[in-house]
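Reading through the structure tokens given below for one structure.
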Amino acid sequence: MNINEVAKLTELSPRQIREYEKLGLLQTIQRTDSGYRIFSDTQLQRLKFIKHARDVDFSLAQIEALLALQDNKQRSNAKVKALTRNHIDELNDKIQRLQSMKATLQGWHDNCLGDGSPTCSILEGLQDGVQDDSVTNHPCRTERSH
């Protein structure tokens, strides 16, 4: 299979595939006399593995570790589980940060009157770094409420 066929089957771009090859995530890929890559079924499966791992936000370093574990027939599933537990913890931290960002943005949005005046709690919040609860008492909201 050539890179375009593999790209379609894995839902990766040819650029991503070349990058994974450059990073050493793929074993040596055969080439035609004219230099085109020829992918084996094993490499196709490995690329699908990488794609699925990226879909659940594993980093490239984590994927490299997972691939090494997959390649090691003497592996311990405890190592895979620990790596996954750490990733879940990282995702939970990320979710908390995203929820905090959303709350901040929602507060700025809710407090902006959107009445065409130049005063805007969103721009002021971005300028001042106002976050979370402090948004509800922001001057943009209180000045215009009177």
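Quick note, the sequence shown lines up with residues 23 to 168 if you use our numbering.
Ideal Cβ positions, reconstructed from N, Cα and C, are used throughout, including at glycine.
Residue nearest to residue i in terms of C-alpha spacing, selected from the options
i      : options                     : result
Gly151 : Leu127, Cys134, Arg97       : Leu127
Asp111 : Val78, Leu48, Gln65         : Val78
Ser81  : Gly46, His109, Arg68, Lys44 : His109
Glu43  : Asp93, Lys30, Arg68         : Arg68
Own chain partners of residue i with C-beta closer than 8 Å, once the 5 adjacent residues on each side are dropped
i     : result
Arg76 : Ile85
Gln65 : Val28, Leu48, Gln49, Ile51
Ile25 : Pro36, Ile39, Arg40, Tyr58, Arg59, Phe61
Ala87 : Leu105
Nonlocal neighbours in the same chain, by C-beta distance under 6 Å from residue i, ignoring five residues either side
i      : result
Gly147 : Trp130
Met23  : Phe61
Other residues of its chain near residue i: CB distance less than 7 Å, five sequence neighbours each side excluded
i     : result
Glu33 : Lys73
Leu91 : Arg97, Lys101, Val102
One or two residues paired with residue i in a DSSP bridge
i     : result
Gln52 : Ile60
Outcome for residue i when other beta-carbon atoms lying within 10 angstroms are tallied against a minimum of 16
i      : result
Asn133 : buried
Ser62  : exposed
Ser143 : buried
Leu120 : exposed
His160 : Unreliable placement is indicated for His160, whose pLDDT of 47 sits below 50; no coordinate value is reported for it.
Arg107 : exposed
Arg53  : exposed
Leu113 : exposed
Where are the alpha helix (DSSP H) runs, 4 residues long or more, that stay fully inside the region 58-113, in chain order?
63-77, 82-93
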